[in-house]
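Take 698 as the starting number for the sequence shown in my numbering and just add one per residue.
Take a look at the structure set out below.
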Amino acid sequence: MRTVGTVLIRWAAAAVISILAAGGIATAQEPHVPAGGYSELSVPSSMGPVKVQVQWAKHGGTAALYVLDGMHATNDVNEWTRQTDIMAQFADDDITLVFPVGGEASFYTDWLRPSAFNLQRVTYRWETFLTTELPDYLARYGVSATRDGVIGPSMGGSAALTLAALHPGQFAFAGSLSGFPDLSGPGMPEAVCTSMLAVGGYEVDAMWGPPLGPVWRQHDPSELAEQLRGTSLFVSAGSGVPGPEDKWDSAIGVAGSLTGFGLELIARGDSLRFQQRMQSLGIDATWDFPATGVHEWGNWQTRIAEARPQILGALTGG
698 MRTVGTVLIR
708 WAAAAVISIL
718 AAGGIATAQE
728 PHVPAGGYSE
738 LSVPSSMGPV
748 KVQVQWAKHG
758 GTAALYVLDG
768 MHATNDVNEW
778 TRQTDIMAQF
788 ADDDITLVFP
798 VGGEASFYTD
808 WLRPSAFNLQ
818 RVTYRWETFL
828 TTELPDYLAR
838 YGVSATRDGV
848 IGPSMGGSAA
858 LTLAALHPGQ
868 FAFAGSLSGF
878 PDLSGPGMPE
888 AVCTSMLAVG
898 GYEVDAMWGP
908 PLGPVWRQHD
918 PSELAEQLRG
928 TSLFVSAGSG
938 VPGPEDKWDS
948 AIGVAGSLTG
958 FGLELIARGD
968 SLRFQQRMQS
978 LGIDATWDFP
988 ATGVHEWGNW
998 QTRIAEARPQ
1008 ILGALTGG
């Protein structure tokens, strides 16, 4: 014989199931993330699942900073989380840090086709991912798609400015750290082509077609300068002279600094040309050209710390 207690328990369980099926308490099924916590997400995309590392806003704020990787982006972690203390820098701030994983030599853009040289199997669709698929996914967690920032070093710096120019409704802040914001400038198409081949055998024409062609110029921050008016901008490049943050304590560190010397000189010259372009149009930005710094993570860790107050001001007002 069933007891009254058993009947009540079964009745209550049936009622809960019925309510859930009807969507009566849909909020119970929404993702729950502790304020200030850390997650690793697998986000669906047209490229397949993309890993995204996330440090959630300390107090549940809705603003987000998309932190892009450099040319050597790997598929296991975003190098910012491995090479720098960026998460500690923003740990007490009410801003979510979003670290997309992957995108080697992609310039975080939508490619025309896969690269033939290295038998690439999937066509890069990073712009679609960062401006549609990922924001839609993060909205489930309460992250806004209209008050974001984007920043990156090297390749990621150029991409950050391009994304902000093409999607001003999403990005209120953009930062380029040792980036190449004048992609059509003297020697830049050749430099990009050489770098993409060296990193992974990527064919530059598969990205935007022939260098200096119409699609290439449609993704050049210097060509898109007018579309950056009103965006909070931070543009930095070191001098190529090693600073206190650059590693000279090992053979690998010395080799990295020597390589970073040449790359940083290119970034410096390219960023200075971009500064001239912006100033000729009367467009404001924070220009940061320190006396030291090579094309390495120690430099970029220092620069992100300098940019942090501006990022918080642009995205949270604080």
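All residues carry an ideal CB built from backbone N, CA and C; glycine is no exception.
One or two residues paired with residue i in a DSSP bridge
{"i": "residue 800", "result": "In the DSSP output, where bridge partners are listed per residue, residue 800 has none listed."}
{"i": "residue 848", "result": "764, 872"}
{"i": "residue 738", "result": "749"}
{"i": "residue 984", "result": "932"}
{"i": "residue 807", "result": "822"}
{"i": "residue 795", "result": "751, 763"}
Whole-angstrom C-beta distance between residue j and residue i, which should lie under 8 Å
{"i": "residue 928", "j": "residue 871", "result": "6 Å"}
{"i": "residue 968", "j": "residue 876", "result": "7 Å"}
{"i": "residue 932", "j": "residue 867", "result": "Not quite, the Cβ-Cβ distance comes to about 19 Å (not below 8 Å), so this is no contact."}
{"i": "residue 1000", "j": "residue 874", "result": "5 Å"}
{"i": "residue 814", "j": "residue 942", "result": "The Cβ separation is near 35 Å, so there is no contact."}
{"i": "residue 892", "j": "residue 768", "result": "6 Å"}
{"i": "residue 1011", "j": "residue 869", "result": "5 Å"}
{"i": "residue 1009", "j": "residue 790", "result": "6 Å"}
Straight-line gap, residue i to residue j (C-alpha atoms, nearest Å)
{"i": "residue 744", "j": "residue 910", "result": "25 Å"}
{"i": "residue 821", "j": "residue 896", "result": "16 Å"}
{"i": "residue 777", "j": "residue 977", "result": "33 Å"}
{"i": "residue 782", "j": "residue 793", "result": "15 Å"}
{"i": "residue 795", "j": "residue 882", "result": "31 Å"}
{"i": "residue 904", "j": "residue 836", "result": "29 Å"}
{"i": "residue 845", "j": "residue 763", "result": "7 Å"}
{"i": "residue 1025", "j": "residue 853", "result": "Because the chain is modelled from 698 through 1015, residue 1025 falls outside the range shown and cannot be assessed."}
{"i": "residue 735", "j": "residue 754", "result": "10 Å"}
{"i": "residue 935", "j": "residue 859", "result": "21 Å"}
{"i": "residue 964", "j": "residue 996", "result": "13 Å"}
{"i": "residue 960", "j": "residue 987", "result": "15 Å"}
{"i": "residue 862", "j": "residue 889", "result": "20 Å"}
{"i": "residue 979", "j": "residue 816", "result": "44 Å"}
{"i": "residue 937", "j": "residue 907", "result": "30 Å"}
{"i": "residue 851", "j": "residue 998", "result": "13 Å"}
{"i": "residue 912", "j": "residue 1005", "result": "33 Å"}
{"i": "residue 784", "j": "residue 749", "result": "14 Å"}
{"i": "residue 916", "j": "residue 856", "result": "8 Å"}
{"i": "residue 803", "j": "residue 902", "result": "12 Å"}
{"i": "residue 775", "j": "residue 898", "result": "21 Å"}
{"i": "residue 970", "j": "residue 811", "result": "31 Å"}
{"i": "residue 985", "j": "residue 885", "result": "21 Å"}
{"i": "residue 819", "j": "residue 807", "result": "11 Å"}
{"i": "residue 975", "j": "residue 966", "result": "14 Å"}
{"i": "residue 887", "j": "residue 962", "result": "15 Å"}
{"i": "residue 1007", "j": "residue 751", "result": "21 Å"}
{"i": "residue 981", "j": "residue 779", "result": "33 Å"}
{"i": "residue 770", "j": "residue 894", "result": "14 Å"}
Given residue i as reference, the closest of the options once Cα atoms are compared
{"i": "residue 773", "options": "755, 888, 800", "result": "800"}
{"i": "residue 993", "options": "766, 741, 742, 757", "result": "766"}
{"i": "residue 733", "options": "786, 771, 780, 775", "result": "786"}
{"i": "residue 747", "options": "768, 784, 805, 758", "result": "805"}
{"i": "residue 788", "options": "860, 756, 986", "result": "756"}
{"i": "residue 841", "options": "919, 749, 760, 856", "result": "760"}
{"i": "residue 930", "options": "886, 983, 900, 916", "result": "983"}
{"i": "residue 940", "options": "990, 880, 815", "result": "990"}
{"i": "residue 1014", "options": "758, 913, 738, 749", "result": "758"}
{"i": "residue 737", "options": "893, 1003, 798", "result": "798"}
{"i": "residue 739", "options": "985, 826, 1007", "result": "826"}
{"i": "residue 865", "options": "843, 885, 884, 850", "result": "843"}
{"i": "residue 824", "options": "751, 791, 809", "result": "809"}
{"i": "residue 914", "options": "879, 1007, 926", "result": "879"}
{"i": "residue 1002", "options": "752, 894, 848", "result": "848"}
{"i": "residue 741", "options": "834, 751, 752, 818", "result": "834"}
- [ ] Could you tell me which uninterrupted alpha helix (DSSP H) segments, each at least 4 residues in length, are contained entirely in the region 881-944, listed from first to last along the chain?
- [x] 885-897, 902-905, 911-914
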